[in-house]
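To start, the structure itself, in structure tokens.
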Amino acid sequence: MPTVLKISDLDGRGVLAFDLRHLLALLPAEGAATLHWRVIPSKRTTFLLGKLTALKPVQAFAEEVDSSAEGVTLSWSELLELAESIHQSVRVTVIGIRADGELPSPSALFLDKRRTIDRATAAFYDAVEVAFEAMDSAYWLVYVQDDAVRERIRAAFDEVEVIEVGW
């Protein structure tokens with residue numbers, strides 16, 4: 253049964269104390285570099301707050317994601333660069349699939365219109381190695397197939413709920 257982590261560590265201001273770049277840093281770089289990464293539309297507006305030096309490019313990227321049916325594919329280095337230019341992710345879904353794997357269309361990956369990774373289909377959990385989803389700047393949902401990597405991510409945070417996914 254797939255396991256999704258709900259991570260909601262907040263800082264002293266009541267804002268998430270981490271973002272995508274912190275999650276990516278917990279992945280083994282050699283494995284992550286071999287995945288095909290995609291930012292997929294979630295049926296809600298993708299909302300990323302760019303750092304001052306990257307406001308317009310980050311906003312343009314979010315608009316590109318929302319206007320595409322399948323999402324935007326990135327290399328590992330492009331994903332790292334994007335993550336470094338984001339100040340805060342409010343709504344975004346990032347997935348990594350094996351280089352030899354095929355990803356069904358986003359509409360076939362989720363159980364309902366919400367398109368959250370804790371409500372994905374069996375096809376999602378079979379195809380996706382890693383998934384990160386920012387939920388309205390309140391928490392992140394994290395799915396990782398590899399048990400050791402999932403445990404490393406879980407151990408890096410204080411406020412973690414483990415969600416066992418079933419159909």
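Going by the numbering used here, the first residue of the sequence shown is number 253, and it counts up by one from there. Every residue gets a Cβ at the ideal spot worked out from N, C-alpha and C, and that includes glycine.
Quick one: Cα of Gly264 to Cα of Asp370, how far?
28 Å
Could you pull out every residue in the same chain whose Cβ sits closer than 6 Å to the Cβ of Glu316, ignoring the five residues on either side in sequence?
Val324
Check Phe384 in the structure and name its three-state DSSP category.
strand
Boundaries of the beta strand (DSSP E) in which Gly348 is found, first to last residue
Ile338 to Ile349
Check whether the Cβ atoms of Lys258 and Glu381 sit closer than 7 Å, and answer yes or no.
No; because the gap between Cβ atoms is not below 7 Å, this pair is not in contact.
Give the straight-line distance between the Cα atoms of His339 and Glu354, rounded to the nearest whole angstrom.
31 Å
Using beta-carbon positions only, say whether Trp289 and Leu334 come within less than 7 Å of one another.
no
May I have the straight-line CA-CA distance separating Leu262 from Arg273, to the nearest angstrom?
16 Å
Suppose contacts are defined by Cβ-Cβ distances below 7 Å. Is Ala372 in contact with Phe362 by that definition?
yes
Assuming Arg343 and Ala386 are in contact, meaning their beta carbons sit under 8 Å apart, how far apart are those beta carbons, in whole angstroms?
6 Å
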